[in-house]
Structures are given as structure tokens and as C-alpha cells.
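Participant: First, the structure itself, so that you have it in front of you.
And the structure:
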């Protein structure tokens, strides 16, 4: 009789290079060897590094952000073999808790330099920047963005099951076509990249195969979820994931203490290392039963609650900053919405980079409002007013405060 | 001593053609004559027709939807001259209540035919369809979509101040350029349309001018808001609107008993006639003070609340239904997200058109999730489970019910 | 085809004495004649006077409060005969809406004089006082309590079905015993009171019987609900009521624009006249099925939401203001809790009577916290901070404001 | 540079008798020696035993509950000396997190036997009973109460600063008077009890003094809070505590994974050992500034949220089960309210003891509704419907399920 401590299915070492840890990997491929087995209906803890594998430090310089090696990302924990799972099943993943490591109670948000990673607003804000966040229980605050404090909507940025060979081939086909057709002056997708590929415990020949074929972990993808960066996959969420390979080969990582809708600065969440507690259930033949092509989820009941009337909400439309009209383009509209917030919050003394960082990681609500009223898409972004220790309502007096600065590069 | 009944600034006549009512208009133009004056700090009631001016009837045929005359839309109430308002000011509009007319306690949701209006999914669902909703106090239900009932998040689809001549010229320029460059097989924007233009009490020559130059009311636009179709502009909301002309010339209309994020079927809200109660305040020089380029709002405190854990949420990515990869396209992602819901809810016996209608008008939450993970945008759509009288959780048994049918055309 | 206006089952006349209106009554008795019939499953509107029948006026004197004739209260609308309802059934009452009358957009909150009605704190605050509240859509504010504004949690204070003769006899027995045993210097219950009894359309002899036997409407009672004064019976609530007589004989009244838990000043809600929209359903043999002895309800989904972190909450214990220890007495504890709030809010310039009125009618949350830790009961009272236009958090500076005065008697 | 692990100000040993641990104590007295110092503005972790000091085991017998030694309770962690705190100050305690120990992921709820502790309903349910709860991240479930699962509203049952000698004398005076005047057949309060008194690191003579004079920790008390058992003092709460002695001498304990309003079975929360993370701030002269006589708090933003419409709510009035009318007695009313829930939930197959346990520990909402309508107090108890895995709405079919049994004594 008696309930025992929850089993830890994978431990990580914060002081050892990520690429030397066999329970981690950074490419999606059906052949990455499973690092552990988990029983159907079992609850386990899984430890995770931050997505960069520890490249970013708790200091006041953004040099590490500027020089981050993106061929390494994202270091995921897994894959885990879930007993009884077969292709066509659905893996029900209940996220029972997510916690930072006790010995590392901090995280980071970065604006990547336009020439190394970039972000949603990099044409306007091309420099690297960084904010360090200190965790105090459920709360966080930053010396780089003063007068703000909030409860984290803690969650994993990435979770999903391995693609089958067929699914992987389809990913490489369609993303390859996009890359081939690209006429923009920027990368539109990342093909398989052998450099820095980490294939867990694979031997050399298998590792080479995975390195050459494996899909990058950067995008979420419809067939399995992956890096969906959905802020609401927090404590208590149930996620229904398609299974494509025997044993499911589930991986998870990229833990976020908090994130805003859009994660706009790319390294935009409050990135952290930590532990996730998950219960696994296999729903046999679930994909056909549910007509499922992409993951479904039910959020948990403990999201921070501000009250509907406690958001200051900004509208944006699909007319870009040069006055060009776009056709029902929600991406353009959301960029405009973000810019509207920056223009507004400036009046309190924040720099644009500070606001850009804040919008990336605070629990802002980004909604599709109207998407049919040609030619304009309309999106909204709600900023919870209660994260500030001053009054940001338009009718309150706006006083400029000493807001210090976020971290920049040493130049 | 004593508080009196709130003044009604405009009454409409449900039994008279909309184009004969001088307090209505259906084009944006600085010269539409004001239909009434409202004092700064005054609270008034304003009556509104439904956006089509009564073209859609409470019956079981979608013929009226198929044949709707879209050159007439949207019939707005106003414009109202707000005393003391000048260009550069901000008009603070507090929406104190929105109600349907007592004598017309019903509304409609339509899927426009692809050849006459269309909608977000018209390539897949090109037929006209309709659902009539009966109002029972704060709730609504439909004989055309059984087993669903919910509290309305009642709001105006359109509100805004008139453009100045300069703003109007800019609208016509940029939308004209989009039209000129269009290579799609569908309209991407609507130029000024003299047919059915209604300019309120304008005399013939002024009416002709407005008909020729006036911007269509279809899109929301960044400079003033307009048809933003934001479901959260409900009871208790405060909206901050830029003022471009002396007296603001505020108009409002397109009342919705409820709407989902995206209003995807275009005639997608529960459209109704009714009364809106508004308090007006002029914030002098507000645009410069707030750095305001587009409207801002603070939602009210009485939105229907389901609890964060009561949404079944679907993920979608910017890979279209033909397998083509799009680059960070939130519009494509949201279309996929909607399709995922349709595929799921089919299993209870609903037709695709019923679900399409339902997603348009029920209080679904459409979020931008990730918008930086190249090449995929990820959006989510949360369906409140408590609007159904059966259990839609994936783990509950799925039983097909007799769902009847929505209204279609007579063929 | 077509949905019609909801039927009004009872109209009242604001300009005619309440006792002359045959659709009203002010005593509970099985023989009060039904004023109208309502079908099972029907939705109707029912108009109601305020509970005093119009004795309190919109002015700046509390003389009317001091001199209120309490033998007249409460004027209820009904009773209504609900078709098919029989003793042992449960009447499911869905409150689909509650609205003030358009022509009377105001309400009142009163502190009754200790010698005429009294209230929860009348030993400390024995004077009559009054606040008038103006309604602006969903919001209300008062010239008598400045710097406060909130959305109403609108509801009926009283609803229930008529007692059977047996139930009525039981009420008179047990309350008579309490009165007989009373040693306090104050009334502990009110026996039947012939003066001012109003028995609807009863003829003289029936009226005399009802006047002599009828139970006062002052207390709620377990067998039927009645004057339960539950603030959460707002829009969208479903209430399950025991049926004791054929046809149920349902009555409703005492509409409140808002009320706090406890309704502590007795005339403590924002009392108003208005209209309630109700759907009725008879659940056959429901009392036995549900093991029901007292009403049950499910609140609606549109209560004003402030967020759990937006309440400043006060603790109180069952030690009275003279230092006497009471044994697990939640009533004493709640009185102390209320006093703690008064002591705190004084620092902003409010008078004690203003706070007493405010705590009675604003949507404060009064909870039982601990009720087993001998000898102290502990209760809490949460004050929503967002109803004030200044910052009431303890860490904010406390500045005394000009708070004017509530209405007092002319002396 | 760099944020370090939060300091643990007190560790406890789960395998060593509580009375041998010098950082614990179980009486309130100004002279209990401080076990550690904490700086003003410091964040620390504090470990706590469960309130019985480990007497209750994870098994299927309630013998340990029946025979619990109540002279030992409650083992509190502390007292802690907070630097700079002086009498008259307010100690602001921010509860940044509460967690069970990793190695002991379970808790217990007990019904104490009427002859040893008792509880709110012990005249009806006099037997000892127990339920063990297993923790799965934020959720808990019990093999003793099947078909129920919920997120914990985790909090400390007890926190407060030490009484001064004067305050302690007042406690002993007034509780002594109550005991002296008692005519009930049960204890109404507990005087100082030398048996099993634990005075931390006090030497023998000091320990004897504390044992003879020290107040029991059972009741909360207005002057300092103590065992207030307020379920909403959860993660993120800020509590403002009066300071009565130099250094404040703050103690905390009695951690609860969850509790319902009233904690009705006395050992009614989900009792656990664990760790609490607290930030301390001293507000100089705060008691006078705030007019503070009892603690005040602001709850945190992450309480489990069910939506207002997801509670099934029961009404109770101050007429006891023998038909006796009590005068505005909220305690009697709340007892009746609890009984109404038991009568209702029986129909699903639960035993009364299972429901009694469940109402004690699940996040039920107990409200004061009306407290002025002579002679009846009315209270309500809202049961969150979503904690059950079946539908408890009255309109759903009620099917009896196999509910097993809670733990009873071996007889």
C-alpha cells in the first residue's frame, strides 16, 4: 500500500554539453532510437534542457543571442517508446505539471539578430536583444524590463510523436518546394541540416542518415504538432496527438515559463530548462475515430485569470507600414497589431526593444477577429493591464518612468 | 431631481425600406450629413437595422441569402455629430448595452454563395445556406442547428468615425492598387459602387458625389475601425476611436447577437436589428497623446465565461488542403484550423454546412499561436464544449444524433 | 413561420398604488388566486414593482426610508398557475433576462433605521440612510457614493412557489415558537400581519383569511426558497423549485440591479422595478428524484468577472466587538468581517454609512472559510477592487477624496 | 551575476518524530524561540510536516484517524524572525508557491470520530472515516471516492505572527470565559494543554511556561489569523498580517492540497506535508495606516476556474433538521446546506461519508447569501460539476455507479 514518488523517465545534466546526452535529439526522424520506455497509463517526469541547450547565459549582454548556433536547436527530450501505441492510434498526453529546475530559477527571452534567426518584426528591429527573467514561485520579473511582473502560463513549446518515413518525406517535399520557389531575401524554411544534428543514441551510420534526412524542429507541422508554441498547453492540459510509428516515439522540450500569442521575437517565450510531468494514454485507432489530421487539446483549468475587462486591446489590419494593401492577410494584420502596442507603450518610457521582448513572452491574447471582410483581415492583441505596476489605461495620466534597458550586444 | 429615460438619438422603422430612412447610410464619406447631434458625455440609444436592411427572412429557405443584394450593405445608423470633437481627438465610446428589438427576437447566420459574396471556405462550401436563431433572453438556439444553445456575446460589428477626404482618398488609392494588381479568380476588394448607395439625407448632387467616391463598408480599416467584426466589443466595452472630421461623424451598425473569431462564413455572425446604448466622451488631442493609429479597446466584464478548461481546441498550420506549404501565412493556417473542427464535429451527425455556420457565430476563440517558426504559422480555434447538450470530449462516446438540416436554396 | 415577441404574462403600473393591482400580492398563502396561467415550456416576461411598491423616491433625503411602511412588503408578481405542475414536481425556472424599466433607469439602497426594520449592523449604525443608483446599460453609479461604478449582477431577490396549507402551518408553528421564546430586545421574526396584506384578486372573505394566516415574505424559507436574496440568481440561471400546490402558484419580485453577499443593510440591494424573462419547465415527480428539500440552482454564464486576484479580502472571526468569544458563530464572524472593511475603506474619505451601503449592494463575495476550528468561525469578504476608480490596494498611497455624502433624514 | 536557488529557511525530516524537530512547535506563545532569521524582502522556502506530524498513514483503515492524538496538533514550522519587523507593523507575506514533497505525493482527508475531535456534522455522522488522495501534478484523485478528480487549490491552513503577551492573555481570558459558561455536551474551546506541547528549541523551563500558557493552534483568531483555513490563500496570494512582537515570529503550517469552504469534517482539507515559498516584506506602522485589526489578503491569479455556470448550487436556511427555527444563524444554515448536497449526491451511489469527505476537501464555494431576512439566514454551497466524470446536472439521467467505499475503522 502507498503511493510512491513519480518515476523520472529521463534526467538531463545542466553541466554537460547537450550533444553528449543520449536522451536528447534535435531532429525529427522515425529512426532516432527511443531513450526509454513508458507504459500505457503511466505518469512520468521528464527533464528538459532549454531549447538552445544552454547557450544563453544569465548576464547583461546579448552577445550570446547574436551568436547563437541555430543548427543545434531544438534539443528535445526523447524519443520515448509508449507501450502499445501503433500508427493510427492517438496518444493522449496529460500535462500534469511543468516546473523550472530548483537550482536554475530563471529564463530568457531574446530578439534574434536579423542576420541570425530574426523574428516577426526584424525588418524594423534587426538588432539582438535579451531579457533575463527571475522566477519567484509562480511569478516572474526582469531587471531588463522593470515595472512588470506576472504569473507564468508555463508550458512546453514542443511536443509530438515522430513522423513515419512517409510523413517525413512529405515534409521534405513540400518545404523543399517552398525553398526552391523562394524569391524573398530571407529564408522561408530550413532544409535538413547535417551540421550539429544530434540523433540521441544512434550509432554513427544511423546518425548520418538522420542528420541528412531529419526534419528541422523549427516549425510545428500539421501531422504531429511539434513546435506549435501554443501558450495554453499549460498545467492540466490534455493533448491528443496522432501516432505515426510503432511506440509513438514521443518527444518534448522547449519549455516556456510564459509566452504570448505569436511568440513574436522567435526566441520569444521565457525559455527555460525544467521538468514536465506527463500521463500517457493510448487511444486505439483514435485518428480514424476522431477524424484527426492535426493535434487537438483541452487546456487546463488553472490559467492565470485577469477578467475579460482587464485587457487593453489593440486592433491591426492588413495594410502594411508602407501603406500597401494586402488581401485578407492575417500575418500582416498581426504585425500591424504588434506595432500598435509598441507605439502605445512607448509613452511610459520603455524602449521599443523592451516592448518587443515583453509582447513575445507575457500572456498577451492574439485573436483573429475578422477574416472575410475583403480586403482587410483584422486581428487583435490584448495586453493584460495587471502585469504592470502602474496604470496603463488611456484615461490615466501617462508618466514616463526610468525603465533602464534590456541587454544589447557589446558591439 | 430624478433620472430620466435615456434619450433615443435615432429610431429606425423595421417596416420601411432602409433606403428611405434618412438616419441610415451605407458608404463611408466625410460629407454624409449628420442625422443628429450628441453632446459630449451624453448617453444615448441608437436603433439599427440588420446589416442587409431586412433582406433576410425568418424562414427555411436560403434563397434570400443566395440572392442578397450586396450593393446595399451595410446600412449604418448615423452619422452622428459629437459636440466638441475635432480631428486629432479620440472619441471614447462606452458600449453600455446592446439588445435586439423586443418585437423581433431572432437573427440569422448565412453562408453566402460563392458567386455572390462567398466566405472563408467557399472553395469547399460554395452553396448558400442559412440558420435562423431564436433569442430567449441572453440565450439563443436554432431549429437549423439542433443540440446547441449559448449565451450571446452581443456586439456591434461596425463602429467608427467618418474618414476625412484625405483618409478616404488613401483608402481608394491603396485598395484600387490591390484591385488593379489582382490575378485571382475572385474579387479582392470592392471599389466605390454607385448602385444602391445611400447617403442619408444628402440631396441629389451630394448623394451622387458620395455614391461615386464613398468607400464601401465591407472592410474594417486601420484609420477608423469600421467593420472590424471584433466579437469582444460587447456590453461594457470602451472603444477609443480616432477622429478625422469635425464632429467626429460617428456611425454604428451591423449588430451581432453573437459571433465567433473570424466570422468565417462572411454573413457569419448572428445578424440582427436592435438597439445599442452608448456613452460618448471626447478626449482632446487623444491621437497624439496615445500615439494612436488604429482603435484601441477595453472589453467589458460580462462576457460569457466557460472556464479555460472547457474549450476543445484545434490546431491548424499553413499547409493547405492540397499539401502546399505556405510561408508563415496565418490566414491559411486558420482555414486549416476551421476544417479540422468540421472534420471532428461531423461524427455527431452535423452536416458540414451546419458546422460552418456554427463556427461562424458561436463564441469560438481563434488565436494566433506561433507566427515565427518558419515556414509554418500555427493558429488555434477553441470550441466551448458547454454550448452543446451532449458531450463532445474525445474520450466520450460519439453517438450520431438526428441533426435535421440548415436552410438551403430551393434549387 | 416566424418567431414572435415574448408574451408578457403580467404588466404592472408604476403610477397606481400597488395594493390596487390584482396581479400583485404580499403574503405567502396557498389560496392567493392565480393572476395568470403559463404553459409548461413557455417563456414569458413578468413585470415587477420594486419590493416596497414605490415608497422610495429618487431624491436626496432618507425620510422615505425612515418612514417606510414595512407591513406592505414585499409586493410580488403572481401567483402564476403553471400548467401540469402538481405537488411533488419540481419547477425548473430559467431566468433568461432581468431588466429595469426603460422609463425608470435607477434604483435605491437603504439602511433602515434601527427602530423601523434595522439591519445587520444596526447596533452600530442605527440611522436611516439612502443611496440612489443611476443605471447606464449594464453599469450603475451613485451620486451618494462617488468614485465607484460597477456592472450589475442583476437578479430577483424573491422567487418561489406557494406553500401548501401544511407547509404554511409549519412555518407559522416554528416561527411562532421562536417569537414566543424571544428574550432579545428586538424582533426575531414576524408573525402574520393583517395590516396592509394584499391578496391579489381575492374577494373580501378570502382576503381576510389570507391576511390572518399568510406568512410574511420577509424570510426565505427552506421549503420553497422565497426571499433567499442570492445574488447569483442572475441572467441565465436555472432554479429548481419544489412544488407544493396544484399549478405551482409561482411568484417573483424584489428585483435587484445588484447585491452583495449578505445584503447586509436589509434594504441592501439596489432595489428596482423591472421585467424578468423566465422559461418554465415542470419536472414530474422531481422532488423525490432529486431528494430535494430546498431549491437548487445553476448560475448563468455571464456574471461580471474580475479575476480571482482582483479582490481585496477581509477576514473576520466569531469574537464580537466587545471582545466576547462566540462558539462557531458564522453570523458573528460575518459581522466582524463587514466591520473590518468599513474600518479599512474609511481612509479614502468615505463615511461609515456610505461603506455600509456599498457593501450591501456591490458584488462583494462573502464566504464561509472555516467553521470547525473551535471556538472560532472564520468568514471572508472579498471586495472587487476594480469597482473603484482609485487604487485600494494596501501598498498604494491612500489619499482622502471628497466623497460627498449619502442621503440622511431631514431630522 | 546570476540568480541562485531560493534559500530553504527550514527543512523538516519526514522520518523523525515531530517533537524532536526544533524548527517545529505546536502552541502560540511569544516566547517560542525563533528557529531562523529571514531578511526583509527575502524569498525563502519553508518545509512543513502535515498538521498531525505524520500520524495518518496511506492505507485503507481509519483507525489512525479515530485514535489521532490531538494534543499534538498543529505542528507548525517556525517561528521565524523577520528582520526589522516591530509591533504595529504589517508583515506582507506573498505566497509564491506551495508544493507537496516529491517523495510523498499524497494527502488525506478525515472525518474525526465524534468522541475524538468531531466535525461539523458529527451528530449525524459520528464515525471516523478517511480518504487518501493521490497527487498527479496539479490534479488529485482518491481510490476512496471514485469518479472525482480535480485541480488542487493548494494553500497553507495556518499562517500568522506570534501573539504578544497581552494578546495571548486576552485569548486565554475570552476563551476561558466561553469554556466556563459552556452548557453543551461538547467542548466549545480548548484551554492551554501541557500534554504534548512542543516549544521548538526552548529549554525545559521555558518549555514548561509555554506548555502552561500557550494558546492552542486550533482556532483562527482575529488578532493574527492563525488557523483561518481560507482555501483562497493559494499560489500568488498576498497576505497582510499584524505584527505583535519584535521580529514578528512568523509561523506557517497545515498545508492543504485542496479544501472546500468550511473545511467541514474538521480534518477536512487534503492534508499534506510539503514546501511553501514565501516572500516577506515589512510595512512599517502598517496596522495604524490600514486601520487593521485582522488579516487582509489579495488572492492569486491562478485559482482553478470552472466558469460561473459550472456550479450546481444548493440553498440552506437556519431551520435545523428537527424543524427548529433559529434566528439568523448562518452556522445552522450552512449545516443544512451541506446536508442538502449529501441528500442529492446519494443518488449516484456515494455513501454519505464519501460525500461528507468530498465536500470538505473539494473546491466548493460556500457563500453567505442573505443574513438579514428575519428569522432565516440563507447560505449557498456551489459544487463544481466538472470535478465529476459523470453528469450531475438535475436534468441528466441519474445512474448509480459502483462507488466502492471510503476507509472506516476496523471496529
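Protein chains in written order, with this note's numbering: chain A, 1 to 411; chain B, 412 to 822; chain C, 823 to 1233; chain D, 1234 to 1644. Ideal Cβ positions, reconstructed from N, Cα and C, are used throughout, including at glycine.
1. Would you say the segment 209-229 of chain A touches the segment 25-42 of chain A, given that touching needs at least three Cβ pairs under 8 Å?
2. Evaluate residue 323 of chain A with the Cβ neighbour count: other Cβ atoms within 10 Å of its Cβ, from every protein chain shown; 16 or more gives buried, anything less gives exposed.
3. Using a Cβ-Cβ cut-off of 8 Å, state whether residue 1329 of chain D counts as contacting chain B.
4. Given a threshold of 16 other Cβ atoms within 10 Å of its Cβ, counted over all protein chains shown, does residue 513 of chain B qualify as buried or as exposed?
5. Quick one: which residues of the segment 547-581 of chain B get their C-beta closer than 7 Å to a C-beta of chain C? List them in chain order.
6. Report buried or exposed for residue 1234 of chain C, applying the criterion of at least 16 other Cβ atoms within 10 angstroms of its Cβ.
7. For residue 1257 of chain D, which of D:1296, D:1284, D:1311 and D:1303 has the nearest alpha-carbon?
8. Can you name the residues that DSSP bridges to residue 692 of chain B?
9. Spatial neighbours of residue 1337 of chain D within its chain, please: CB distance less than 7 Å, with the 5 preceding and 5 following residues excluded, ordered by chain position.
10. List, in chain order, every chain C residue whose beta-carbon is nearer than 7 Å to that of residue 416 of chain B.
11. Leaving out the 5 sequence neighbours to the left and right, which residues in its chain are closer than 7 Å to residue 357 of chain A when beta-carbon positions are compared?
12. Select from the segment 1494-1524 of chain D all residues with a C-beta closer than 8 Å to any C-beta belonging to chain E, and list them in chain order.
13. Considering Cα atoms alone, identify which of A:321, A:342, A:343 and A:309 is closest to residue 333 of chain A.
14. If we cut at 8 Å on Cβ distances, does residue 718 of chain B have a partner in chain D?
15. Let's test the definition: count the other Cβ atoms within 10 Å of the Cβ of residue 1417 of chain D and tell me whether it reaches 16, buried, or not, exposed.
16. Any beta carbon of chain D sitting closer than 8 Å to that of residue 2 of chain A?
17. Let me see if you follow: with CB-CB separation under 8 Å, is residue 1534 of chain D close to chain A or not?
18. In angstroms, rounded to a whole number, what distance separates the CA positions of residue 80 of chain A and residue 1616 of chain D?
19. When you compare only the Cα positions, how much space is there between residue 409 of chain A and residue 395 of chain A?
20. Is the Cβ-Cβ distance between residue 1614 of chain D and residue 1574 of chain D less than 8 Å?
21. Using a Cβ-Cβ cut-off of 7 Å (strictly less than) and excluding sequence neighbours within five positions of residue 1612 of chain D, which residues of its own chain qualify?
22. Can you give, in chain order, each stretch of the alpha helix (DSSP H) that sits fully within the segment 597-684 of chain B and has at least 4 residues?
23. Are residue 37 of chain A and residue 161 of chain A touching if we call contact CB-CB under 8 Å?
24. To the nearest angstrom, report how far apart residue 654 of chain B and residue 1513 of chain D are at their CA atoms.
25. In chain order, what residues of the segment 865-878 of chain C put their CB closer than 8 Å to some CB of chain B?
26. Residue 396 of chain B bridges to which residues according to DSSP?
27. Check the Cβ-Cβ distances between residue 1075 of chain C and every residue of chain B, and say whether any is below 8 Å.
28. I need the boundaries of the alpha helix (DSSP H) containing residue 332 of chain A, first residue and last residue.
29. Return helix, strand or coil for residue 1284 of chain D, following the three-state DSSP convention.
30. Given that residue 1469 of chain D touches chain A, what residues does it touch there, using C-beta distances under 9 Å?
31. Which whole-angstrom value is the C-beta distance of residue 1472 of chain D and residue 1534 of chain D, which I expect to be below 8 Å?
32. At a CB-CB cut-off below 8 Å, which residues of chain A make contact with residue 632 of chain B?
33. Mapping the DSSP letters down to three states, classify residue 122 of chain A as helix, strand or coil.
34. Can you have a look at residue 874 of chain C and say buried or exposed, based on whether 16 or more other CB atoms are within 10 angstroms of its CB?
35. Under 8 Å, with one C-beta from each stretch per pair, do the segment 1617-1625 of chain D and the segment 1371-1385 of chain D reach the 3-pair mark?
36. Can you tell me whether DSSP reads residue 400 of chain A as helix, strand or coil?
Facilitator: Once the coordinates are examined:
1. yes
2. exposed
3. no
4. exposed
5. 547, 548, 549, 550 and 562
6. As shown, chain C starts at 823 and ends at 1233. That puts residue 1234 of chain C outside it, with no answer to give.
7. D:1311
8. B:503
9. 1247 and 1506
10. 924, 925 and 927
11. 109, 111, 129, 131, 145, 265 and 406
12. Absence of chain E from the displayed structure is noted, the protein chains being A, B, C and D.
13. A:321
14. yes
15. exposed
16. For residue 2 of chain A, the predicted structure reports a pLDDT of 49, less than 50, and the residue's modelled location is therefore unreliable. A value from the coordinates is still provided. Chain D contact via Cβ: present.
17. yes
18. 39 Å
19. 37 Å
20. yes
21. 1549, 1563, 1566, 1567, 1570, 1599, 1600, 1601 and 1602
22. 615-624
23. no
24. 49 Å
25. 865
26. Residue 396 of chain B lies beyond the stretch modelled for chain B, which goes from 412 to 822, so this question has no answer here.
27. no
28. 330-345
29. coil
30. 137, 138, 139, 151 and 304
31. About 15 Å; that fails the 8 Å criterion.
32. 317, 319 and 376
33. coil
34. buried
35. yes
36. coil
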